[in-house]
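Structure first, commentary second.
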Amino acid sequence: MRILVCDPIHDEGVRMLMEAGFDVDLETSITGPELVERVKDFDAIVVRSRTKVTREVIEASGRLRAVARAGVGLDNVDLEAAKERGVEVLNSPEAPSNAVAELVLGLMLSLARRIPLGDASMKRGEWIKRRLTGFELEGKTLGIVGFGRIGYNLAKKAKAMGMRVVTDASIEKLMRFVEETGAESVPMEDLLKESDFVSIHVPLLPQTRHMIGARELETMKDGAYLINAARGGVVDEDALREALVRGKLAGAALDVFEIEPPEDTSLTGLENLIALPHIGAATVEAQAANSTIVAEKLIKLFTGD
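So this is what it looks like as structure tokens:
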């Protein structure tokens, strides 16, 4: 079996594949047109978020049996084309759940205590202590939109800090996990109205694109904070910028953007926005887990072990 690794992944996953007897090619700077040409020689490809597995890529090979995404989101894979061609799509949603939850917790603390503003002022030689009065997370309400692995981990951490946690989760199979954390299931509108922080944790799908738009932002509590560490297209960035500029929201933190890297700095340049370059899963532990989990799944798919 031949496997093409199109993006950098942790060495441990590569080692596992090679020890399982697979022929592994590392071409971690391969372009889209090059992949269309090369894919026909491989049984599986491994990608992260950079490489786009388009219909053209999938249809260029009669040999391809699997696409392994070392990470969670599958918006860079044409799932319909893969299904039509019988190509298995694998990912590793288990891997980054703690890393992303910890990042969101850090962003909440940064917003509440105005840490980026304080740091930037000190680097300018200023001492603006009186401008930096913040607030504590204990007793505040966190609304989690999407209660998968990341939402579950975040809820546990927020409850440990004394926060009230609400979620829009209403699917029966999720309720046990909601109850385990001590979170409350509420309608989406109530979540938006009651939460001091709203954190987004849903995949980017046609039905979730711009699910947080002007109406939802207006429904949020005055002076609340929005955090998105899921996918950029879930939040309408123009509507968010307007809500931040006029003070409807006190602040926001984004780890993801509709276009990455963003071409327009009118949002990222705002003082009340914390902007990060999609680092939610960028920990040593999460990257190692991404690699080993997809390696295990590929080995099981091809060998049954």
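Residue numbers for the sequence shown follow this note's numbering, so the first one is 123 and each next one is one higher.
Note that the Cβ used here is the ideal one computed from N, Cα and C, for glycine as well.
**Request:** Return the CA-CA distance between G284 and H400, expressed in angstroms with no decimal places.
**Result:** Numbered from 1 along the sequence shown, position 162 holds the residue referred to as residue 284. Numbered from 1 along the sequence shown, position 278 holds the residue referred to as residue 400. Between G284 and H400, the C-alpha separation is close to 28 angstroms.
**Item:** Distance CB(K162)-CB(A182) smaller than 8 angstroms
**Value:** Here residue 162 corresponds to residue number 40 of the sequence shown, with the count starting at 1. Here residue 182 corresponds to residue number 60 of the sequence shown, with the count starting at 1. It is a contact, given that the beta carbons lie within the stated cut-off.
**Request:** Using the DSSP secondary-structure output, state which residues sit across from D147 in a beta bridge.
**Result:** Residue numbering aside, residue 147 sits at position 25 when the sequence shown is read from its first letter. In DSSP, D147 forms a bridge with L126.
**Item:** Through-space distance from L313 to M291, alpha-carbon basis
**Value:** Counting from 1 along the sequence shown, the entry for residue 291 is found at position 169. Counting from 1 along the sequence shown, the entry for residue 313 is found at position 191. Looking at the sequence provided, one finds Ala at residue 291 rather than Met. Rounded to the nearest angstrom, the two C-alpha atoms are 11 angstroms apart.
**Prompt:** Cα-Cα, which of A411, V199, L212 and A365 is closest to L423?
**Reply:** On the sequence shown, position 301 is the one that residue 423 refers to. Taking only the C-alpha atoms, the option nearest L423 is L212.
**Request:** Find out if the Cβ-Cβ distance for the pair L395, L389 is shorter than 8 angstroms.
**Result:** Taking the first residue of the sequence shown as 1, we reach residue 395 at position 273. Taking the first residue of the sequence shown as 1, we reach residue 389 at position 267. It is a contact, given that the beta carbons lie within the stated cut-off.
**Asked** Counting pairs of Cβ atoms below 8 angstroms between the region 248-258 and the region 304-312, do you hit three or more?
**Response** no
**Request:** Give a yes or no on contact between the region 400-415 and the region 228-244, applying the rule of three or more CB pairs nearer than 8 angstroms.
**Result:** No contact exists between the region 400-415 and the region 228-244.
**Prompt:** So, is D427 buried or exposed, given that buried needs 16 or more other C-beta atoms within 10 angstroms?
**Reply:** Translated into the one-based positions of the sequence shown, residue 427 becomes position 305. Residue environment: D427 is assigned as exposed (fewer than 16 neighbouring CB atoms within 10 Å of its CB, all protein chains considered).
**Request:** Measure from the alpha carbon of V300 to the alpha carbon of each residue in E316, D318, L276 and S321, then state which is nearest.
**Result:** Position 178 of the sequence shown, counted from the first residue, corresponds to residue 300. Checked all of E316, D318, L276 and S321; the closest Cα to V300 is L276.
**Message:** According to DSSP, simplified to helix, strand and coil, what is F164?
**Reply:** Here residue 164 refers to the residue found at position 42 of the sequence shown. The answer is coil: DSSP assigns F164 none of H, G, I, E or B.
**Asked** What residue does the alpha helix (DSSP H) around S243 start on, and which one ends it?
**Response** As a working note, residue 243 is residue 121 in the sequence shown. Element bounds for S243: I237 to K245.
**Prompt:** Taking DSSP as the reference, what is the three-state secondary structure of A404?
**Reply:** Locating residue 404 in the sequence shown gives position 282, counting from the first residue. Residue state, collapsed to three classes: coil.
**Item:** Alpha-carbon spacing of I250 relative to I167, whole angstroms
**Value:** As a first step, residue 250 must be located in the sequence shown, where it is residue number 128. As a first step, residue 167 must be located in the sequence shown, where it is residue number 45. In a straight line, the C-alpha of I250 is about 52 angstroms away from that of I167.
**Residues near T341 in its chain [Cβ-Cβ closer than 8 angstroms; skip 5 each side]** = Mapped onto the sequence shown, residue 341 falls at position 219. Cβ neighbours of T341 beyond the five flanking positions: E311, L314 and K315.
**Message:** For L296, report the span of its alpha helix (DSSP H) as first-last.
**Reply:** The residue you call residue 296 lines up with position 174 of the sequence shown. Start and end: E294 to T303.
**Asked** Applying the criterion that 16 or more other CB atoms from any shown protein chain within 10 Å of the CB defines a buried residue, is I293 buried or exposed?
**Response** By 1-based counting over the sequence shown, the position of residue 293 is 171. It is exposed - the Cβ of I293 has fewer than 16 other Cβ atoms within 10 Å.
**Message:** Below 8 angstroms on the Cβ atoms is my contact criterion, and I expect G273 with T263 to pass it. Report the Cβ-Cβ distance as a whole number of Å.
**Reply:** Walking along the sequence shown from the start, residue 273 turns up at place 151. Walking along the sequence shown from the start, residue 263 turns up at place 141. Contact between G273 and T263 does not hold, since their C-beta atoms are separated by about 15 angstroms, which reaches or exceeds 8 angstroms.
**Message:** To the nearest angstrom, how far is the alpha carbon of G184 from that of E156?
**Reply:** Here the question's residue 184 lines up with position 62 in the sequence shown. Here the question's residue 156 lines up with position 34 in the sequence shown. Cα-Cα distance, rounded: 17 angstroms.
**Asked** How would you label V367, buried or exposed, when you count the other beta carbons within 10 angstroms and need 16 or more for buried?
**Response** On the sequence shown, residue 367 is found 245 positions in, with the first residue counted as 1. By the 10 Å Cβ count, V367 comes out exposed.
**Request:** Could you tell me if G135 is buried or exposed, where buried requires 16 or more neighbouring beta carbons within 10 angstroms of its beta carbon?
**Result:** The residue given as residue 135 occupies position 13 in the sequence shown. Buried, since its Cβ has 16 or more Cβ neighbours within 10 Å.
**Message:** Taking only three categories from DSSP, how would you classify L201?
**Reply:** The residue labelled residue 201 in the question sits at position 79 within the sequence shown. The answer is helix: DSSP assigns L201 an H, G or I state.
**Asked** Span of the beta strand (DSSP E) holding L395?
**Response** On the sequence shown, position 273 is the one that residue 395 refers to. Note, L395: beta strand (DSSP E), L395 to A397.
**Item:** Contact set for R110: own chain, Cβ-Cβ below 6 angstroms, skip 5 residues either direction
**Value:** Nothing about residue 110 can be reported from this structure: the residues present for the chain run from 123 to 427 only.
**Prompt:** Is DSSP giving R286 helix, strand or coil here?
**Reply:** As a first step, residue 286 must be located in the sequence shown, where it is residue number 164. Looking at R286 - three-state DSSP - the assignment turns out to be strand.
**Simplified DSSP state of A187, which is helix, strand or coil** = Here residue 187 corresponds to residue number 65 of the sequence shown, with the count starting at 1. Looking at the sequence provided, one finds Arg at residue 187 rather than Ala. It is coil, neither helix nor strand.
**Message:** Any beta carbon from chain B within less than 8 angstroms of G184's own beta carbon?
**Reply:** Given the protein chain composition of this structure (a single chain), no chain B is represented.
**Item:** V158 versus A403: straight-line alpha-carbon distance, rounded
**Value:** Residue 158 sits at position 36 when you count from the first residue of the sequence shown. Residue 403 sits at position 281 when you count from the first residue of the sequence shown. Whole-angstrom Cα-Cα distance: 28 angstroms.
**Request:** List the whole-angstrom C-beta distance separating A280 from H323, where the pair is believed to meet the contact cut-off of C-beta under 8 angstroms.
**Result:** Residue mapping note: residue 280 aligns to position 158 of the sequence shown, counting from 1. Residue mapping note: residue 323 aligns to position 201 of the sequence shown, counting from 1. About 12 angstroms separates the two Cβ atoms, so there is no contact after all.
**Asked** Ordered along the chain, which non-local residues of its own chain (more than five positions away) have a Cβ less than 6 angstroms from that of G265?
**Response** Residue 265 sits at position 143 when you count from the first residue of the sequence shown. So the list reads V288, L313, S317 and V320, once near-sequence residues are dropped.
**Asked** P238: which of I415, G391 and P384 sits nearest, CA to CA?
**Response** What you label residue 238 is simply residue 116 of the sequence shown in a count that begins at 1. Comparing Cα positions, the closest option is G391.
**Request:** Given a cut-off of 8 angstroms, decide if A188 and E210 are closer than it, judged by their beta-carbon atoms.
**Result:** Taking the first residue of the sequence shown as 1, we reach residue 210 at position 88. Taking the first residue of the sequence shown as 1, we reach residue 188 at position 66. Yes, Cβ-Cβ distance for E210 and A188 is below 8 angstroms.
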